[in-house]
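Using the numbering used here, you'd call the opening residue of the sequence shown number 298 and step up by one each time.
No residue lacks a Cβ here, since even glycine has one placed at the ideal position from N, Cα and C.
Computed from a prediction, not measured in an experiment: that's the story for all the values here.
Presented below is the structure to which this report refers.
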Amino acid sequence: MDCPRACPTPLQVDQLVGIEVDRCPSCEGIWLDTGEGEIVTRPGEDIPAELLAQAAALDPKRPADTSDPLPCPRCGKTMGREVFSASGVEIDRCGCGVWLDKGELAKIRAYREEGLAALRRAYAGTGIPAEVYERAYSRFYFDLGTPPGGPALGDAGPVA
């Protein structure tokens, strides 16, 4: 598979939290097939330190990517660009999966972990088992596997 950013090298298969992902060695973007996004952004999963360091190195006030829409590396169709939940992270998505530019995986993961921490504080002492609200939170607000036209609850929708 080729990088949708038109880098000179093909995507390389890499292992991330026990699943195969496709990573570009040039731009360090990551392709996640449908369903893989929820797994690699799940809090508690062991993400390599170099990926987590990428987010810290990015300027949070960096302007949004205004480049032309990217082609899907699987099917070649143009991917839609949308904001991932309320994180402010713009992702490229089609029915085949999701393209994350360098640092976006780490930013999404940090966003999920912050949200879960707030949820745990809100439900502390209620007697509701943590796995109940954590599963609902994960399932409804952080679905990187939902194709265009079927956004998960909490998605801000397409970027204008």
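- Taking the CA atoms as reference points, GLU387 sits about 6 Å from PHE381.
- With fewer than 16 neighbouring CB atoms inside 10 Å of its own CB, GLY422 falls in the exposed class.
- Our two residues, VAL429 and GLU333, have alpha carbons roughly 22 Å apart in a direct line.
- For GLU379, no alpha helix (DSSP H) segment is defined; the enclosing uninterrupted segment is the beta strand (DSSP E) at 377 to 380.
- Each of PRO426, GLY424 and LEU416 was checked against the Cα of TYR434, and the nearest Cα belongs to LEU416.
- Under DSSP, VAL318 shares a beta bridge with ASP311.
- Counting only the Cα atoms, GLU325 lies some 15 Å from PRO370.
- In the three-state scheme derived from DSSP, where H, G and I count as helix and E and B as strand, LEU413 is classed as helix.
- Cβ neighbours of MET298 within its own chain (closer than 8 Å, five residues either side excluded): PRO307, LEU308, ASP319, TRP328, PRO370 and ARG371.
- VAL429 sits in a helix when the DSSP states are folded into three classes.
- CA-CA distance, ARG390 to ALA414, rounds to 27 Å.
- Contact annotation: PRO301 and LEU367 have beta-carbon atoms nearer than 8 Å.
- When secondary structure is reduced to three states using DSSP, GLY326 falls in the coil class, being assigned neither helix nor strand.
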